[in-house]
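So the structure is just underneath, and the comments pick up after that.
This is the structure in structure tokens:
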């Protein structure tokens with residue numbers, strides 16, 4: 001940007017001071033200087049100074065307008081960034097909540113897996129126990145139905161293949 005706000009303010013104060021209280025030198029004038037100080041020359045010089053001052057004032061106004069536009073643009077940008085920051089903070093809170101939910105669910109899954117494995121082991125033990133008890137009950141029935149049968153070699157882990165009892 002061209003000038004800062006402070007520069008513009010300083011310049012405007014100087015311009016106002018010149019308009020209200022123009023400097024008046026108190027020196028002895030030579031003939032040439034006296035000619036220059038005549039009213040007709042002063043009017044011409046004053047109008048030239050006035051024109052220069054108007055041009056400078058116009059430039060200052062232009063710079064001020066540009067500065068105001070820049071300030072407006074920056075205010076809008078700050079508001080946009082503040083809204084973005086707020087959304088970002090809200091999103092951060094949501095992420096934290098979701099991460100907490102994920103941790104809780106992971107703990108629940110781990111607990112359910114432990115429970116499932118324990119149940120699986122218990123059921124496997126029960127199945128083995130039931131199979132063993134069923135085998136023992138079958139042997140007792142065979143001994144009852146055929147008391148002369150030798151069931152001493154019978155084992156849960158053996159099978160009959162080609163009329164022979166062999167390991168499974």
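Numbering (UniProt numbering), first residue to last: 1 to 168.
For glycine and all other residues, C-beta sits at the position ideal for the given N, C-alpha and C.
Just so you know, these numbers come straight off a predicted model, no measurement behind them.
Looking at the structure shown, is residue i part of a helix, part of a strand, or coil, going by DSSP?
i, result
"residue 148", "coil"
"residue 10", "helix"
Span of the beta strand (DSSP E) holding residue i?
i, result
"residue 156", "Per DSSP, residue 156 belongs to no beta strand (DSSP E) and is neither H nor E."
Could you tell me how far apart the beta carbons of residue i and residue j are, in whole angstroms, since I believe they sit closer than 8 Å?
i, j, result
"residue 151", "residue 133", "That pair is no contact at about 16 Å."
"residue 135", "residue 156", "5 Å"
"residue 149", "residue 159", "With 8 Å as the limit, residue 149 and residue 159 do not qualify as a contact, their Cβ atoms being about 18 Å apart."
"residue 77", "residue 15", "Rounded, the Cβ-Cβ distance is 32 Å, inconsistent with contact."
"residue 10", "residue 60", "Between residue 60 and residue 10 the Cβ distance is about 10 Å, and since that is not below 8 Å, they are no contact."
Using a 10 Å radius around the Cβ and a threshold of 16 neighbouring Cβ atoms, would you call residue i buried or exposed?
i, result
"residue 13", "exposed"
Taking 8 Å as the cut-off, is the beta-carbon of residue i closer than that to any non-hydrogen atom of the ligand NAD?
i, result
"residue 115", "Among the components modelled here there is no ligand, and therefore nothing to report on the ligand NAD."
Assess, as a yes-or-no matter, whether the region 61-69 is touched by the region 5-17 under the definition of 3 or more beta carbon pairs within less than 8 Å.
-> Flag = yes, the region 5-17 and the region 61-69 touch.
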